[in-house]
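In what follows, a single structure is set out as structure tokens and then discussed.
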Amino acid sequence: MRVTEKANEVPVNLVGSSVFGRYPKISAEKTYNMFISGEDVVNFAGYERVAEMLASGEGRGIYKSSRRNIMIAVVNSNVYRIDSNLAPVLIGNIETQSGEVYMDENLANQICIVDGQNAYIYNTQEAPNLTKQTLSPDLVPNYVRFHSTFFLFGNASKGLPGDRWFVYQPATATTISETSFHTVSTKPDYALAVERVPGQSSNVMVFGATVCEIHTKVDGLENYALNRSVSIDYGCSSVSTIATSDKHIIWLGVNEKNAPVIMMFTGQSAEQISSDGIDYLMRSLVAPQDSTASFVRQDGHLLYVITFFHPDDNLTLMFDVNTGKFFHLSDGDLNFHPARQFAYFQNKTFFVSINNGSLYELSTDFTRINHNIDMPGWDDDPRLIEDIPRIRICKTVRADNTAPFRANSFTFLMDMGNDLPKGDECTILMITEDGVRIITEDDAQVIPEDASQDVCHSTPYRGRVDLAISGNGGETYSNYVPRWTNPRGDRRNIMQWENMGMYNEWTAKVRFWTSGRVIVGNGTLETF
């Protein structure tokens, strides 16, 4: 790399998170579909479709039964059992068509499903069955968790009984019965959800709309008692944003005096983890109730993923508990990430999609988005494979004395030469006028008679890195200037742009388009 005499070398933080300044001038930093690992930014996991339950629809929830080694998935009103072969089997229907569902199991082989209106029991030892439950008229089941032999229900009722949350136990193989109810009493509030406190076997957290309380399991008819020395002065804006893992509970919090913030409880105390920029973003949401959140672990990092999928919000954020930093996630079109609830099953991570009726596997072994389903004898349809947009907007570079400067060169190190080979592009597939592939009765793809591989002239696949520059603090950007990555096996790893002109402030927006992994270190801007 050439160095200009008397030039200044200014660090450029390609390794960074989404900082969320209130205005771009304060901070334009964003990181899409990557996160920090060690001293580099690396790609977040890609995903591939592994099963289709319905041709279209809305994935509403997924649950892994640790006792039966199965998954339960809900798409539209259909409830499916998924065994180790990943072949969904319909076991029944619920009465609602949309919205998040919540599931948990007890020690009596019962899995309880709650859809915001009713509760249903599936007994895993019986023939396929789904039994709607007769509950207290004061309970509109809003959330369910198992704790200490009981199912605990949050309450969606907005009437006088709305401050009550309920405790149920098994009655028969397919039914449950009420044991007791308890109230939120710290503030005049509703009992929206009840969640186990990780690492505290006797304690549960009760979420109201403006406050959270800790209740403790006790002996006797009451079952639970309020811990009167501890409460959290934030309730829950949307129960679908509640997620727990390890020792953490994270949710979108709100109270009667404050706009929504992202809160984290770690067993002893609660803290706000969102910045002022994120708080402004949360306050700007049109439909915070159209949301979902879940924890997922990737390569040792515990990640809280929260999505607001209303068309006017269209946002997915990821909080890395290990580093305490936020990042953006998206699909292939920079819309919200489609995952709704994650399940770890047979050493793999799965989710149902908000956008369709399919089951997907999430893995760092996948570096693209693949909507094909793997079928013996079938090639993947390339129209259903997408590159993942991985973008880093860096911290703005300004001279300490505010003087203008010349941006002479910008360089950084990037892992290259590891892209997946794309293969030949000249196999011609016969399709109908509607774009449907023509298949024989033996499930063989029809191709033209002269579509021989001998006439192919293939070239090695090469990824691309695009650079756009802002001279006004991230308000607007230039056109993209590309640099091609090296083909597989050529691992020289310096990316460089030169002669970029004069600036008062310089902001880099870097896009990585590649079918392989992304590992990028910090960069250097040479100025004089």
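Residue numbers are given in my numbering: position 397 of the sequence shown equals residue 482, and the series is strictly consecutive.
A virtual CB, placed ideally from N, CA and C, is assigned to each residue, including glycine.
Under a Cβ-count criterion, where at least 16 other Cβ atoms within 10 Å of its own Cβ denotes burial, should Asp575 be classed as buried or exposed?
Within the sequence shown, residue 575 is the residue found at index 490, counting from 1. Burial call: exposed.
Helix, strand or coil: which one does DSSP assign to Met367?
Residue mapping note: residue 367 aligns to position 282 of the sequence shown, counting from 1. In the structure shown, Met367 sits in a helix (DSSP, three-state: H, G or I).
Report the CB separation of Ile198 from Val159 in whole angstroms; it is logged as a contact under 8 Å.
Reading the sequence shown from its first residue, position 113 is the one you call residue 198. Reading the sequence shown from its first residue, position 74 is the one you call residue 159. Contact flag correct, Cβ pair sits at about 7 Å.
Between which two residues does the beta strand (DSSP E) carrying Lys332 extend?
As a working mapping, residue 332 is identified with position 247 in the sequence shown. First-last for Lys332: undefined, no H or E at that position.
Give the straight-line distance between the Cα atoms of Thr408 and Ile347, rounded to the nearest whole angstrom.
As a first step, residue 408 must be located in the sequence shown, where it is residue number 323. As a first step, residue 347 must be located in the sequence shown, where it is residue number 262. If I take the Cα positions, the gap works out to 16 Å.
Could you check which residue in Lys433, Asn441 and Phe411 has the C-alpha nearest to that of Pro423?
Your numbering for residue 423 matches position 338 in the sequence shown. Looking at the Cα atoms, Asn441 is the closest of the given residues.
To the nearest angstrom, report how far apart Gly247 and Asn240 are at their CA atoms.
Taking the sequence shown and counting its residues from 1, one reaches residue 247 at position 162. Taking the sequence shown and counting its residues from 1, one reaches residue 240 at position 155. The alpha-carbon atoms of Gly247 and Asn240 are separated by roughly 6 Å.
For Ser103, name the three-state secondary structure that DSSP assigns.
For this step, residue 103 is matched to residue 18 along the sequence shown. Here Ser103 sits in coil by DSSP.
With burial defined as no fewer than 16 other Cβ atoms inside 10 Å of the residue's Cβ, what is the status of Val97: buried or exposed?
Residue numbering aside, residue 97 sits at position 12 when the sequence shown is read from its first letter. It counts as buried.
If you draw a straight line from the C-alpha of Arg382 to the C-alpha of Leu388, how long is it?
Here residue 382 is taken as the residue at index 297 of the sequence shown, counted from 1. Here residue 388 is taken as the residue at index 303 of the sequence shown, counted from 1. Roughly 6 Å separates the two Cα atoms.
Taking contact to mean 3 or more Cβ pairs, one atom from each stretch, closer than 8 Å, check whether the stretch 139-156 and the stretch 181-194 are in contact.
Touching, per the Cβ criterion.
Quick one: Cα of Val282 to Cα of Gly201, how far?
Residue numbering aside, residue 282 sits at position 197 when the sequence shown is read from its first letter. Residue numbering aside, residue 201 sits at position 116 when the sequence shown is read from its first letter. Each residue's Cα considered, the two are about 22 Å apart.
Tell me whether Arg475 is buried or exposed, calling it buried when 16 or more other Cβ atoms sit within 10 Å of its Cβ.
By one-based count along the sequence shown, residue 475 stands at place 390. Buried.
With DSSP as the reference, label Ser324 as helix, strand or coil.
Here the question's residue 324 lines up with position 239 in the sequence shown. Sequence check: residue 324 is Val here, not Ser. Helix, per DSSP.
Would you tell me roughly how many angstroms separate the C-alpha atoms of Met460 and Glu133, rounded to the nearest one?
Here residue 460 refers to the residue found at position 375 when the sequence shown is read from its first residue. Here residue 133 refers to the residue found at position 48 when the sequence shown is read from its first residue. Rounded to the nearest angstrom, the two C-alpha atoms are 13 Å apart.
Under the rule that 16 or more other beta-carbon atoms within 10 Å means buried, what is Ala130, buried or exposed?
Position 45 of the sequence shown, counted from the first residue, corresponds to residue 130. Result: buried.
DSSP three-state call for Pro226: helix, strand or coil?
Counting from one through the sequence shown, the residue named residue 226 turns up at place 141. Here Pro226 sits in strand by DSSP.
From the DSSP output, in three-state form, read off Val95 for me.
Taking the first residue of the sequence shown as 1, we reach residue 95 at position 10. It is a strand residue.
Do Ile391 and Tyr228 have their C-beta atoms closer together than 9 Å?
On the sequence shown, position 306 is the one that residue 391 refers to. On the sequence shown, position 143 is the one that residue 228 refers to. Not closer than 9 Å, so no.
Relative to the C-alpha of Ser443, which residue among Ile458, Asp450, Gln431 and Thr449 is closest?
In the sequence shown, the residue the question calls residue 443 occupies position 358. Checking every option, the nearest Cα to that of Ser443 belongs to Ile458.
What is the residue span of the beta strand (DSSP E) that Ile478 lies within?
Here residue 478 refers to the residue found at position 393 of the sequence shown. Arg475 to Ile478 is the span of the beta strand (DSSP E), which, as asked, contains Ile478.
May I ask which residues mark the beginning and end of the beta strand (DSSP E) holding Arg166?
If you number the sequence shown from 1, residue 166 lands on position 81. Note, Arg166: beta strand (DSSP E), Asn163 to Ile167.
DSSP beta-bridge partners for Glu280?
On the sequence shown, position 195 is the one that residue 280 refers to. Note: Glu280 sits in a beta bridge opposite Met290.
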